[in-house]
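What follows is a single structure, written as structure tokens, with notes after it.
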Amino acid sequence: MGSERQPVAATIAAVRSALESAGSIGVIASDEVAPGLGEALRAAGVEAGGPETLGARVTVVPVSAAKGLEYDHVVVVEPAAIVRAEARGLNRLYVAITRAVSSLRIVHREPLPPALRRAGPGMSAGSGR
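Now the structure itself:
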């Protein structure tokens, strides 16, 4: 249970950090994980809506619904889980990380997929380890 909670705690911390800057915040995770993240954020006192919530400052989005959306700040949770979830998982991950206008934060407990490990040190990444 503790290791499962770490990415949630790291996600809450990443969202709180993003809230220090102006603009919208999208939290993007696998379709399986996204609903629980919304609940965890609200339980932590962060007002978070879903993709259908108009005007929410923080929006939790399942990766399958992220295409076409744009946020000032994006928190991508467990990229490896996104890639693993379906045959086109790497495409979904690409969509998730390209939704950010100003900043991208990556929260993970699992090792990053090879495509992100090659991305280099310029990425802002947080680990739930």
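So in full-length UniProt numbering, spot 92 of the sequence shown is number 92, and the numbers just go up one at a time. The C-beta atom is built at its ideal place from N, Cα and C for all residues, glycine as well. All values derive from a computational prediction rather than experimental measurement.
- L104 sits in a strand when the DSSP states are folded into three classes.
- Here DSSP, grouped into helix, strand and coil, assigns G36 to helix.
- One alpha carbon belongs to L19, the other to A87, and they sit about 34 Å apart.
- Going by beta carbons, I82 and L93 fall inside the 8 Å limit.
- Per DSSP, the continuous alpha helix (DSSP H) segment holding G89 begins and ends at 89–97.
- Rounded to the nearest whole angstrom, the CA to CA distance from P35 to I25 is 16 Å.
- Here the C-alpha atom of V60 lies approximately 25 Å from the C-alpha atom of P114.
- Apart from sequence neighbours up to five positions away, the residues of its chain that approach D72 with a beta-carbon distance below 6 Å are G23, S24, V101, S102, ordered along the chain.
- For A48, the three-state secondary structure derived from DSSP is strand.
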